[in-house]
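Trainee:
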Amino acid sequence: MQKKLIIRTGRVYAGLRGELGDFDDWIRRELGADGDSWQVIDVQAGEALPAVAEVAGAVITGSAAMISERAPWSEATAAWLRRAHAANVPLLGICFGHQLLASALGGEVDYHPQGPEAGTVTVHTTAAAASDPLLSALPASFAANVIHWQSVQRLPPGAVCLAHNAFEPHHAFRHGSAWGVQFHPEFNAEAMTRYLAQLAPLLDKAQLSLPALQQNVAATPHAAALLQRFAALLPAAAQG
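Residues in the sequence shown are numbered consecutively from 1, following the UniProt record's numbering.
Printed below as a string of structure tokens:
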């Protein structure tokens, strides 16, 4: 049986992890009944990824790391993602994972010129999303939780933009069997509120108001539902 992977590229802040769990726990929660069948590989800690042929699909988590740092573990993971993409393995990158996929497949990632995007924001789907296997069920506009300093400045050649907003032109893309979402489908309202508090000094430096951001946090059910829809794609994608 092929493995379903959660590729962990970073950890939730230690102050929150004991109470709320880690990124992989949040992803498993949104995967629902299927969550326990996913294996976690912590690439930032040096754990090795299995051979591509052994993998049915993978979700790549967020991270406090930056793509531009070109850390050895990040570069090694990017090389594995290129091989997995070439083998048509379904992939879903979240935040840092979204950026890592874009960079691995030939796109450009760097600091967003307007600084960080944080909190609950409105994201709009593009016309291409209407026929996309993963994003087609989303409404034209939906709420999503975000926290990122870097951004996909240019999509990989051949990739299609599936979602955007006024701040972030590439909130979601697809390239073959790979999807990237800049927003966090695994962040619920509590996680977003608490995460913002952890980042208070950095947000203040960026002239973003923590009370205003926290007051604006809302439920994001449409974004969260992406994880179960991705899991549902795996059997058909793996056979095809």
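Glycine included, every Cβ here is placed at the ideal spot set by N, Cα and C. Predicted model only: the values in this text are computed from it and were never measured.
Hey, how far is the Cα of residue 12 from the Cα of residue 132?
Mentor: Using only the alpha carbons, I get a separation of about 31 angstroms.
Trainee: Consult DSSP for residue 195 and reduce its assignment to one of helix, strand or coil.
Mentor: Residue 195: helix per DSSP, three-state reduction.
Trainee: By the 10 Å Cβ neighbour count, where 16 or more other Cβ atoms means buried, how is residue 202 classified, buried or exposed?
Mentor: Exposed: under 16 other Cβ atoms inside 10 Å.
Trainee: In whole angstroms, what is the alpha-carbon distance linking residue 104 and residue 80?
Mentor: C-alpha separation (whole angstroms): 9 angstroms.
Trainee: Under a Cβ-count criterion, where at least 16 other Cβ atoms within 10 Å of its own Cβ denotes burial, should residue 205 be classed as buried or exposed?
Mentor: Classification for residue 205: exposed.
Trainee: Can you have a look at residue 22 and say buried or exposed, based on whether 16 or more other CB atoms are within 10 angstroms of its CB?
Mentor: Buried, since its Cβ has 16 or more Cβ neighbours within 10 Å.
Trainee: I need the straight-line Cα distance from residue 188 to residue 31, nearest angstrom please.
Mentor: When rounded, the distance between both Cα atoms is 13 angstroms.
Trainee: Please determine, among 140, 130, 183, 142, the residue with the shortest C-alpha to C-alpha distance to residue 160.
Mentor: Measuring from the Cα of residue 160, the nearest candidate turns out to be 130.
Trainee: Does residue 8 come out as helix, strand or coil in the three-state DSSP assignment?
Mentor: Note: residue 8 maps to strand in three-state DSSP.
Trainee: To the nearest angstrom, report how far apart residue 27 and residue 126 are at their CA atoms.
Mentor: Distance between the alpha carbons of residue 27 and residue 126 is about 25 angstroms.
Trainee: Can you look up residue 145 in the DSSP assignment and give me helix, strand or coil?
Mentor: The answer is strand: DSSP assigns residue 145 an E or B state.
Trainee: Return the chain-ordered list of same chain residues with a C-beta closer than 7 angstroms to the C-beta of residue 54, the five sequence neighbours on each side being excluded.
Mentor: Taken in chain order, the residues that qualify are 2, 3.
Trainee: Is the beta carbon of residue 190 less than 8 angstroms from the beta carbon of residue 117?
Mentor: In this structure, residue 117 does not lie closer than 8 angstroms to residue 190 by Cβ.
Trainee: With residue 107 and residue 155 assumed to form a contact (beta carbons below 8 angstroms), what rounded beta-carbon distance in angstroms separates them?
Mentor: Contact holds; Cβ gap of about 5 angstroms.
Trainee: Assuming residue 96 and residue 10 make a contact with CB atoms under 8 angstroms, what is their CB distance in whole Å?
Mentor: So it is a contact: roughly 6 angstroms between Cβ atoms.
Trainee: Quick check on residue 24: buried or exposed, where buried means 16 or more other Cβ atoms within 10 Å of its Cβ?
Mentor: That one is buried.
Trainee: Expressed to the nearest angstrom, what Euclidean distance is found between the alpha-carbon atoms of residue 176 and residue 85?
Mentor: Looking at the two C-alpha atoms, the distance is approximately 8 angstroms.
Trainee: Any idea if residue 186 is buried or exposed, counting beta-carbon neighbours within 10 angstroms, 16 or more meaning buried?
Mentor: It counts as buried.
Trainee: Give me whichever residues DSSP pairs with residue 58 in a beta bridge.
Mentor: Answer by DSSP bridge pairing, in chain order: 5, 91.
Trainee: Which one of 178, 198, 230, 196 has the shortest CA to CA distance from residue 88?
Mentor: Answer by Cα proximity: 178.
Trainee: Using the C-alpha atoms, what's the distance from residue 207 back to residue 220?
Mentor: Cα-Cα distance, rounded: 25 angstroms.
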